[in-house]
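S.K.: Heads up: the sequence shown begins at 204 in the working numbering, then just goes up one per residue.
Where is the CB? At the ideal position from N, CA and C, for every residue including glycine.
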Amino acid sequence: MDFHAYVDQIIAFVRVNAAWAPLVMFALAFAESLAFISLLVPAWGALVAIGTLIGPSGISFWPVWIAAALGAAFGDWLSYWIGLKLEYSVQHIWPLSRHPELIPRGEAFMKKWGVLGIFIGRFFGPLRASVPLIAGIFEMPFWRFQIANFASAFVWAAMLLTIGDVISVAVKYLWG
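1. Can you tell which of Ala-238, Val-251 and Phe-239 has the C-alpha that lies nearest to the C-alpha of Val-217?
2. Quick check on this structure: which residue in Lys-315, Gly-254 and Leu-226 has the alpha carbon closest to the alpha carbon of Trp-359?
3. Using the beta-carbon count (16 or more within 10 Å), is Ser-241 buried or exposed?
4. Report yes or no: do three or more beta-carbon pairs, one from the stretch 297 to 308 and one from the stretch 357 to 375, lie closer than 8 angstroms?
5. How long is the line joining the alpha carbons of Leu-243 and Ile-257, rounded to whole angstroms?
6. My guess is that Gly-328 and Ile-285 are in contact by the Cβ rule of under 8 angstroms, so how many angstroms apart are they, rounded?
7. Check each candidate in Trp-268, Leu-330 and Trp-378 and name the one with the smallest Cα separation from Glu-304.
8. Pull up the distance between the alpha-carbon of Gly-278 and that of Ile-296, whole angstroms please.
9. Going by DSSP, what residue range makes up the alpha helix (DSSP H) through Ser-236?
10. Using C-beta distances below 7 angstroms, list every residue in its chain close to Val-334, excluding the 5 sequence neighbours before and after it, in chain order.
11. Mind checking whether Ile-417 and Leu-231 have CB atoms under 9 angstroms apart?
12. Which runs of the alpha helix (DSSP H), 4 residues or longer, sit entirely within the stretch 302 to 357?
13. So Pro-259 and Ser-355 are in contact, right, with Cβ under 8 angstroms, and what is the actual spacing, rounded?
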């Protein structure tokens, strides 16, 4: 299934089953933020697309936003834990074994930015899930990691939903 068909099916489901929107957002954000899985599941497009439904479909922003933020934060938390437990052996696990550049890139990023890197990394594709993994490998203090993790998750989720909502408003304005 190609990316567009995947997003279309998710949007169609949420449009018909609006009550499930928070759970769908949680699952998508979790997958998008989880090491290994995020390389296989390009969920950010679906997250933005669901944001386009907030106004027209009457889906409430708050539960969807909170669910997306918590999904993202828990995905990063699990990635951090995996890094903490598996340390450098994680680089031999598929799909990281096929993308060996992600660990050194994440390490360089973390050395340069420290805890701020957790916040910044959320907004950059492959770094999104590899930075928490690296933070775990290098045993970043738990609470420093979690504060940056949860703060960035709430900002990231709001940004994606807002982009979707702005697209929806623009389409309605331009094409009535």
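M.R.: This is what the structure holds:
1. Counted from its first residue, the sequence shown places residue 217 at position 14. Considering only alpha carbons, the answer is Val-251.
2. Numbered from 1 along the sequence shown, position 156 holds the residue referred to as residue 359. The option with the nearest alpha carbon to Trp-359 is Gly-254.
3. Reading the sequence shown from its first residue, position 38 is the one you call residue 241. With 16 or more other Cβ atoms within 10 Å, it is buried.
4. no
5. Taking the sequence shown and counting its residues from 1, one reaches residue 243 at position 40. Taking the sequence shown and counting its residues from 1, one reaches residue 257 at position 54. Cα to Cα, the separation comes out at about 26 angstroms.
6. The residue you call residue 328 lines up with position 125 of the sequence shown. The residue you call residue 285 lines up with position 82 of the sequence shown. Actually they do not touch by this definition, with Cβ atoms about 19 angstroms apart.
7. Position 101 of the sequence shown holds residue 304. For the residues Trp-268, Leu-330 and Trp-378, the minimum Cα distance to Glu-304 belongs to Leu-330.
8. Counted from its first residue, the sequence shown places residue 278 at position 75. Counted from its first residue, the sequence shown places residue 296 at position 93. Going from the Cα of Gly-278 to the Cα of Ile-296 covers about 18 angstroms.
9. Taking the first residue of the sequence shown as position 1, residue 236 is located at position 33. That run of the alpha helix (DSSP H) goes 224 to 236.
10. Within the sequence shown, residue 334 is the residue found at index 131, counting from 1. Only Gly-309, Phe-312, Met-313, Gly-320, Ile-321 and Gly-324 meet the Cβ criterion.
11. What is shown of the chain runs 204 to 379, which leaves residue 417 out entirely.
12. 305 to 316, 318 to 324 and 330 to 340
13. For the purposes of this step, residue 259 is taken as residue 56 along the sequence shown, with counting starting at 1. For the purposes of this step, residue 355 is taken as residue 152 along the sequence shown, with counting starting at 1. 28 angstroms between Cβ atoms; not a contact.
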